[in-house]
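Residue numbers (our numbering): 2 to 183.
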């Protein structure tokens, strides 16, 4: 049932959002020269997939978890996109392709070995990663791997259709601050 919801919402979300995405991409081209950010992330079953986002940091920023990146790397457009969470819009493509869900644990990088180990112990990596979830709306990010894995496991164990929509609505209404940067 969740996969059907994901597909339908991603399809219509892309149909509705494409004009905004086009404008963001054009402005992003002038901001960084490369408005789309592609990065290999850990998917379900530890399989790699390419996450698609709008670029929010300068092109020369080191490929590390956001909490390890410098805030000076964030561009002016990037700051706006992060605050409004519009940098996540291209992930609707990941959802449509079945690589992600709207709700699930945020996909991490393969070099985040402590988080991968914690998630592996709790079975978190057995589900599709998501755009948002319990940890995100409660400001728990990847800087606290054990707490994040435990929160992800709690979300998975208690996920219902009502909770699925609550996490999406909370995120759309601005709850949670997104990935922190130092």
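Backbone N, C-alpha and C fix where the C-beta goes; we use that ideal spot for every residue, glycine too.
All of these numbers come straight from a predicted model, not from anything done at the bench.
Legend entry - Beta-carbon contacts of residue 87 that lie in its chain and below 6 Å, excluding the five residues immediately before and after: On the chain shown, residue 87 is found 86 positions in, with the first residue counted as 1. Within the same chain, residue 87 has no close Cβ partners at all.
Legend entry - residue 41 - containing beta strand (DSSP E), residue span: What you label residue 41 is simply residue 40 of the chain shown in a count that begins at 1. For residue 41, the enclosing beta strand (DSSP E) starts and ends at 37–43.
Inset, instruction - Name the two residues that bound the continuous beta strand (DSSP E) containing residue 159. - result: Your numbering for residue 159 matches position 158 in the chain shown. It is not in any beta strand (DSSP E) - residue 159 instead sits in the alpha helix (DSSP H) that spans 146–159.
Legend entry - Host alpha helix (DSSP H) of residue 111 (start-end): Taking the first residue of the chain shown as position 1, residue 111 is located at position 110. From DSSP, residue 111 is part of no alpha helix (DSSP H); its letter is neither H nor E.
Legend entry - Exposure of residue 156, with buried meaning 16 or more beta-carbon neighbours within 10 Å: Against the chain shown, residue 156 aligns to sequence position 155. Burial call: buried.
Legend entry - Whole-number beta carbon distance between residue 39 and residue 25, since they are thought to touch under 8 Å: For the purposes of this step, residue 25 is taken as the residue at position 24 of the chain shown. For the purposes of this step, residue 39 is taken as the residue at position 38 of the chain shown. Actually they do not touch by this definition, with Cβ atoms about 16 Å apart.
Legend entry - Bounding residues of the alpha helix (DSSP H) (the contiguous stretch that carries residue 77): Position 76 of the chain shown holds residue 77. Here the alpha helix (DSSP H) through residue 77 covers 77–85.
Inset, instruction - Helix, strand or coil for residue 173, going by three-state DSSP, please let me know. - result: As a position in the chain shown, residue 173 is number 172, starting the count at 1. Residue 173 falls in the helix class under three-state DSSP.
Legend entry - Within 7 Å, strictly: CB atoms of residue 99 and residue 128: Along the chain shown, one-based indexing puts residue 99 at 98. Along the chain shown, one-based indexing puts residue 128 at 127. Cβ atoms of residue 99 and residue 128: not closer than 7 Å.
Legend entry - CA nearest to the CA of residue 50, picked from 96, 77, 29: Within the chain shown, the letter at position 49 stands for residue 50. For residue 50, the nearest C-alpha among the options comes from 96.
Legend entry - Simplified DSSP assignment, three categories, for residue 99: Counting from 1 along the chain shown, the entry for residue 99 is found at position 98. The answer is coil: DSSP assigns residue 99 none of H, G, I, E or B.
Inset, instruction - Could you have a look at residue 104 and say whether DSSP puts it in helix, strand or coil? - result: Against the chain shown, residue 104 aligns to sequence position 103. Strand at residue 104.
Legend entry - Presumed contact (8 Å Cβ cut-off) between residue 103 and residue 82, rounded CB distance: As a first step, residue 103 must be located in the chain shown, where it is residue number 102. As a first step, residue 82 must be located in the chain shown, where it is residue number 81. The pair is not a contact, with the Cβ atoms about 19 Å apart (cut-off 8 Å).
Inset, instruction - Using the Cα positions of residue 143 and residue 116, report the straight-line distance between them to the nearest angstrom. - result: The count along the chain shown starts at 1 and reaches residue 143 at position 142. The count along the chain shown starts at 1 and reaches residue 116 at position 115. Approximately 7 Å between the Cα atoms of the pair.
Legend entry - residue 101 beta carbon less than 7 Å from that of residue 130: Position 129 of the chain shown, counting from 1, holds the residue named residue 130. Position 100 of the chain shown, counting from 1, holds the residue named residue 101. Yes. Within cutoff.
Legend entry - Pick from 58, 84, 91 that is closest to residue 76, judged by C-alpha positions: Locating residue 76 in the chain shown gives position 75, where the first residue counts as 1. Of the listed residues, the one whose Cα sits closest to residue 76 is 58.
Legend entry - 7 Å CB neighbourhood of residue 169 in its chain, flanking five on each side removed: The sequence position of residue 169 within the chain shown is 168, counting from 1. Excluding positions up to five away in sequence, the list reads 103, 104, 133.
Inset, instruction - Specify the secondary structure class of residue 58 as computed by DSSP and reduced to three states. - result: Here residue 58 is taken as the residue at index 57 of the chain shown, counted from 1. Three-state DSSP puts residue 58 in a strand.
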